[in-house]
Structures are given as structure tokens and as C-alpha cells.
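**Student:** Position 11 of the sequence shown, counted from 1, bears residue number 10 in numbering that gives the first Met the number 0, the numbering being contiguous throughout. Backbone N, C-alpha and C fix where the C-beta goes; we use that ideal spot for every residue, glycine too. One structure, pasted below without further comment.
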Amino acid sequence: MYAQANMISKVSNPAFVLHDHSPEDVARATILGLQKEPFFIFDMDEAYRRIQYFKHKLPRVQIFYAMKANDGELMLKLAVATGLGFDCASIHEIHKILRLNVPPTDIIYAVTMKTPEQMMYARQSGVKRATFDSPSELVKLKEYWPDVELLLRISVKSDSVYQLGIKFGCNFETEATDLLDKAACMGLRVAGVAFHVGSTCLSPESYLKALQQARYLFDYEAKAGRTMRILDIGGGFFCDDNLFEQATSVIRKGLDELFPGPNVQIVAEPGRYICETACNLYCNINNVKTITKNDKPLNMVYINDGLHGSLRSFEKWHTIHKFELETTKHEELEDTILWGPTSDPRDCLTEVQLPRCTPRDWLVFKTQGAYASTFSSKFCGFGLVQTRFLISFDLW
Numbered sequence: 000m001y002a003q004a005n006m007i008s009k010v011s012n013p014a015f016v017l018h019d020h021s022p023e024d025v026a027r028a029t030i031l032g033l034q035k036e037p038f039f040i041f042d043m044d045e046a047y048r049r050i051q052y053f054k055h056k057l058p059r060v061q062i063f064y065a066m067k068a069n070d071g072e073l074m075l076k077l078a079v080a081t082g083l084g085f086d087c088a089s090i091h092e093i094h095k096i097l098r099l100n101v102p103p104t105d106i107i108y109a110v111t112m113k114t115p116e117q118m119m120y121a122r123q124s125g126v127k128r129a130t131f132d133s134p135s136e137l138v139k140l141k142e143y144w145p146d147v148e149l150l151l152r153i154s155v156k157s158d159s160v161y162q163l164g165i166k167f168g169c170n171f172e173t174e175a176t177d178l179l180d181k182a183a184c185m186g187l188r189v190a191g192v193a194f195h196v197g198s199t200c201l202s203p204e205s206y207l208k209a210l211q212q213a214r215y216l217f218d219y220e221a222k223a224g225r226t227m228r229i230l231d232i233g234g235g236f237f238c239d240d241n242l243f244e245q246a247t248s249v250i251r252k253g254l255d256e257l258f259p260g261p262n263v264q265i266v267a268e269p270g271r272y273i274c275e276t277a278c279n280l281y282c283n284i285n286n287v288k289t290i291t292k293n294d295k296p297l298n299m300v301y302i303n304d305g306l307h308g309s310l311r312s313f314e315k316w317h318t319i320h321k322f323e324l325e326t327t328k329h330e331e332l333e334d335t336i337l338w339g340p341t342s343d344p345r346d347c348l349t350e351v352q353l354p355r356c357t358p359r360d361w362l363v364f365k366t367q368g369a370y371a372s373t374f375s376s377k378f379c380g381f382g383l384v385q386t387r388f389l390i391s392f393d394l395w
């Protein structure tokens with residue numbers, strides 16, 4: 000069915016090369032091989048397709064992969080092999096990327112609050128770019144990283160599932176130009192503007208508003224005799240094809256109108272968009288009991304992963320199915336509550352309609368490639384979940 004081999008030419012073991020079989024076939028074989036613990040199946044072809052499609056829809060934009068979404072070694076090596084840069088949020092992420100022989104100039108230290116020690120590490124490692132959004136950060140940068148190329152991060156209001164504008168970014172109307180002037184007075188180089196509309200953005204027009212604000216700041220600097228040359232449009236791209244199409248259409252038109260020509264480097268920091276749909280999580284059922292709620296039967300299903308493990312990032316748009324090891328007849332759906340394995344009574348995933356389940360059945364949680372592994376903990380002594388990376392023979 001599959002062989003363990005090298006990937007692409009730049010990605011090494013352990014990736015499994017598929018010969019005329021699907022990721023579901025590998026999952027089925029894994030379970031039939033007496034697998035007991037939960038496991039991920041990561042489809043490298045899907046991540047590769049996402050990278051290429053992003054490049055196709057936004058050809059002017061250079062990708063700096065937000066590795067916080069999924070920092071699996073082979074995901075990172077795929078990013079390297081496809082020529083991506085990296086959005087790093089800590090010195091630990093910087094160290095991990097540098098070990099892959101990525102040039103430090105291909106890294107953006109994209110967090111706006113850094114300690115002196117973190118600044119010194121990044122500088123000594125050769126990283127050149129970082130974001131900021133406050134006067135106090137400028138004071139530290141002047142002392143510990145005076146030759147850094149800075150990106151001023153502005154806060155963006157948007158209709159996103161995860162709002163980032165409160166914690167990160169300066170106020171465009173009341174703070175942005177003052178910060179640009181302060182940086183100039185301190186002899187610090189502001190090379191561009193950065194923004195992030197929030198993770199899983201539902202309002203594509205938010206990108207246009209942010210692009211307009213960035214254009215104003217570029218013009219403000221030009222009038223002051225200072226030149227900016229980098230625009231970082233962040234991430235937040237929804238994996239839904241229709242919303243992604245809408246967002247990229249707005250961005251393309253906005254860039255062509257507001258930032259024409261080759262003088263400004265456009266970068267983006269997608270994470271979820273690249274890896275979420277590439278990975279499914281398979282969980283074993285430990286126990287099932289049926290209770291009565293509102294005079295109706297309710298199945299209580301206990302699985303071997305939960306909110307303290309790989310399912311902390313479980314979202315309402317993620318789908319759950321009973322994973323069939325062989326073809327079965329149609330089964331009626333029943334009201335079900337899914338519980339994680341820990342002693343925490345809050346370790347309750349969701350209410351869902353599923354076929355009748357029994358212990359030793361398996362469930363598959365679709366689209367778990369983003370944040371499922373990086374959020375997980377070892378609460379109650381449960382271990383981290385293994386990932387099996389797969390690649391087709393054609394891509395390999």
C-alpha cells in the first residue's frame with residue numbers, strides 16, 4: 000500500500016509514499032494493525048495544493064508560513080521545499096527554522112512584544128525583520144536591536160472568529176503616525192506596515208480597509224522623506240473556498256489600485272489555510288452509555304482524545320464521522336455527546352448526531368491540521384498524538 004521513503008527531494012523520512020491508495024486506506028490499515036491510541040493522518044499533497052493555489056490566486060504575494068498553526072517537521076520541510084518564508088512568534092520557533100538551514104532573512108519575528116533576551120537572540124541569529132506597535136517596544140529595540148527592519152503593526156476591525164486587534168496592533172487613527180515619527184527620531188528604520196484581520200476572517204472587505212490604511216501610512220512616510228518598501232497583509236484566510244475566493248479577489252484589486260508596481264514587497268502569513276484541510280484525527284471510543292434527557296435517549300460517547308489534547312481547537316465547522324472499517328448498511332443517526340478522556344468535567348466536545356457507536360469503534364475528526372497538535376497538552380498524563388505524514392508517488 001505504501002512505502003516509507005524520501006519526500007520531494009528536500010524532505011526526509013518518515014513520510015509514507017502512497018501507491019494508488021488514499022489516506023483513508025492508510026488510516027484503515029493502521030487501525031486494523033491493532034492501533035489503540037489516537038493518531039493524525041497528514042496528507043502532504045493537500046498542503047502542497049493549498050500552497051500552490053494561494054500562489055496562483057495572489058501571485059504578487061510572498062508566503063511567510065505561520066508555523067504556529069502546525070510545526071510538524073515534515074510540514075516545515077514542505078514549506079522550505081516550496082520556497083516559503085516563515086512567520087515566527089518566539090525564539091523557539093526561530094531556532095527550529097534555522098535548524099532547517101533557512102536563511103534568517105526569510106524569517107519575520109512577527110510578535111509585537113519581545114523581551115531584551117529575545118531581541119538579542121534574534122539579532123545574533125541574523126533575523127532582520129520584526130513587528131512593533133508601541134513606544135515601549137521602540138525603547139527596547141533601540142537598545143537591544145537597533146539595526147532591525149521594523150514593520151508597524153496596525154489594529155484592524157473585522158468580522159473574524161478570533162479577533163486579534165485588541166491584543167496586537169496600534170490604533171491607526173490615534174497612534175500610528177506618532178509611532179512612525181518616534182521611530183524616526185530614535186534612528187530606527189521602519190521598513191513597512193503589517194496588519195492581521197484576525198484568524199478565520201468572515202469579512203473580506205476588512206482586507207481592503209486595512210490596505211487603505213497602510214497606503215495612507217506609506218504616503219505619510221514618503222512626505223516625511225522616509226521610504227517604506229514592505230507590506231505584510233498577515234493571515235486570517237478562511238479555508239472555505241468561496242470565502243477565500245472573495246478575500247483574494249478583494250486583495251488583488253486593492254493591491255493593484257493602492258500598491259501598483261514592483262517597489263513594495265507584499266508578504267502574507269497564512270497558517271490555517273495551508274494546513275487545516277490536510278490532516279484528519281482518528282480517535283478510538285473507550286466507552287458508551289445511554290442516558291435519558293428530556294424523555295429521549297442520549298448516547299454518551301467517551302473517546303481517547305479531548306479538549307486538553309488534540310481537540311482543544313475543535314470548531315463548529317469541523318465535521319465528525321464514524322469511521323467505517325468495512326462497508327456497512329445505512330445506520331440511523333442518534334443524539335450523541337462526545338466526552339474526552341480526562342477527569343475534567345469540562346472535557347466535553349460537542350453534541351452531535353452519529354450512528355450508534357460501541358467501544359472499539361473509531362471516529363474521524365476532519366480538517367484538524369491547524370492548531371490541533373500545537374495546542375495539545377499532557378494533562379492527566381495522556382501523551383501527545385503521533386502524526387503519519389503521507390505523500391503521493393507523483394508529488395514525491
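1. Under 8 Å: do the region 276-293 and the region 253-263 share three or more Cβ pairs, one atom per stretch?
2. Tell me whether the beta-carbon of Thr111 lies closer than 9 Å to the beta-carbon of Phe131.
3. Quick one: any contact between the region 223-233 and the region 272-283, if contact means 3 or more CB pairs under 8 Å?
4. Just reading off the beta strand (DSSP E) that Cys238 is part of, what are its end residues?
5. At a threshold of 8 Å, does Ala80 count as lining the ligand NAD (C-beta to nearest heavy atom)?
6. For the region 239-247 and the region 278-287, state whether three or more C-beta atom pairs, one from each stretch, are separated by less than 8 Å.
7. Using the Cα positions of Trp397 and Gly234, report the straight-line distance between them to the nearest angstrom.
8. For Asn69, count neighbouring Cβ atoms within 10 angstroms of its own Cβ and tell me buried if that reaches 16, exposed if not.
9. How close, in whole Å, do the beta carbons of Ile40 and Leu348 come, if the pair is a contact with beta carbons under 8 Å?
10. So is Asn12 buried or exposed if we call it buried at 16+ other beta carbons inside 10 Å?
11. Using 8 Å as the Cβ pair cut-off and three pairs as the minimum, do the region 51-63 and the region 354-369 touch?
12. At a cut of 8 Å, does the region 75-84 reach the region 363-376 through at least three beta carbon pairs?
13. State the start and end residues of the unbroken beta strand (DSSP E) segment that holds Glu172.
14. Under DSSP, the alpha helix (DSSP H) around Asp42 begins and ends at which residues?
15. Going by other Cβ atoms of all chains shown within 10 Å of its Cβ, with 16 needed for buried, is Pro203 buried or exposed?
16. Spatial neighbours of Thr176 within its chain, please: CB distance less than 6 Å, with the 5 preceding and 5 following residues excluded, ordered by chain position.
17. By the DSSP assignment, the alpha helix (DSSP H) with Tyr206 in it spans what residues?
18. Have a look at Ile229, Gly32, Arg128 and flag the residue whose alpha-carbon is nearest the alpha-carbon of Val60.
19. Looking at Leu137: is its Cβ nearer than 9 Å to the Cβ of Gly191?
20. My output table needs one value for Cys356: the three-state DSSP class, helix, strand or coil.
21. Would you report the Cα separation of Pro269 and Asp346, rounded to the nearest angstrom?
22. Alpha carbon to alpha carbon, what distance is there between Tyr206 and Gly382?
23. Taking Gln264 as the reference, which of Leu57, Lys35, Leu33, Gln34 has the closest Cα?
24. Which residue marks the beginning of the beta strand (DSSP E) containing Val300, and which one marks its end?
25. Could you work out which residue in Thr386, Val266, Trp361 is closest to Leu33 when comparing CA atoms only?
26. Considering only residues of the same chain and omitting the five flanking positions on each side of His307, which have a CB-CB separation below 8 Å?
**Tutor:** With the structure as the only source:
1. no
2. On the sequence shown, position 112 is the one that residue 111 refers to. On the sequence shown, position 132 is the one that residue 131 refers to. Yes. Within cutoff.
3. no
4. Here residue 238 corresponds to residue number 239 of the sequence shown, with the count starting at 1. It is not in any beta strand (DSSP E) - Cys238 carries neither H nor E in the DSSP assignment.
5. In the structure on display, the ligand NAD does not appear, and there are no ligands present to speak of.
6. no
7. Within the shown structure, residues of the chain are numbered from 0 to 395, placing residue 397 beyond reach of any answer.
8. Your numbering for residue 69 matches position 70 in the sequence shown. Answer is buried; the Cβ neighbour count reaches 16.
9. What you label residue 40 is simply residue 41 of the sequence shown in a count that begins at 1. What you label residue 348 is simply residue 349 of the sequence shown in a count that begins at 1. Contact flag wrong, Cβ pair sits at about 19 Å.
10. Reading the sequence shown from its first residue, position 13 is the one you call residue 12. Reliability fails at Asn12, whose pLDDT of 46 lies under 50, so the model's placement of it is uncertain and the value that follows must be treated cautiously. It counts as exposed.
11. no
12. no
13. Against the sequence shown, residue 172 aligns to sequence position 173. That residue, Glu172, is in no beta strand (DSSP E); it is neither H nor E in DSSP.
14. Locating residue 42 in the sequence shown gives position 43, where the first residue counts as 1. Taken as a continuous stretch (DSSP letters only), Asp42 belongs to no alpha helix (DSSP H), being part of the beta strand (DSSP E) at 38-42.
15. Here residue 203 corresponds to residue number 204 of the sequence shown, with the count starting at 1. With 16 or more Cβ atoms within 10 Å of its Cβ, Pro203 is classed as buried.
16. The residue labelled residue 176 in the question sits at position 177 within the sequence shown. Hits under 6 Å: Tyr219.
17. As a first step, residue 206 is located in the sequence shown; it is residue number 207 there, counting from the start. Per DSSP, Tyr206 belongs to the alpha helix (DSSP H) from 204-222.
18. By 1-based counting over the sequence shown, the position of residue 60 is 61. Of the candidates Ile229, Gly32, Arg128, the one whose C-alpha sits nearest the C-alpha of Val60 is Ile229.
19. What you label residue 137 is simply residue 138 of the sequence shown in a count that begins at 1. What you label residue 191 is simply residue 192 of the sequence shown in a count that begins at 1. The answer is no: Cβ separation not under 9 Å.
20. As a first step, residue 356 is located in the sequence shown; it is residue number 357 there, counting from the start. Coil, per DSSP.
21. Taking the first residue of the sequence shown as 1, we reach residue 269 at position 270. Taking the first residue of the sequence shown as 1, we reach residue 346 at position 347. Cα to Cα, the separation comes out at about 29 Å.
22. Residue 382 sits at position 383 when you count from the first residue of the sequence shown. Residue 206 sits at position 207 when you count from the first residue of the sequence shown. Answer to the nearest angstrom: the Cα atoms are 40 Å apart.
23. In the sequence shown, the residue the question calls residue 264 occupies position 265. Looking at the Cα atoms, Leu57 is the closest of the given residues.
24. By one-based count along the sequence shown, residue 300 stands at place 301. Note, Val300: beta strand (DSSP E), 295-302.
25. Counted from its first residue, the sequence shown places residue 33 at position 34. Of the listed residues, the one whose Cα sits closest to Leu33 is Trp361.
26. Residue numbering aside, residue 307 sits at position 308 when the sequence shown is read from its first letter. Closer than 8 Å at the Cβ level, and outside the excluded window around His307, lie Gly339, Thr341, Asp343, Asp346, Ser375, Ser376, Phe378, Cys379, Phe381.
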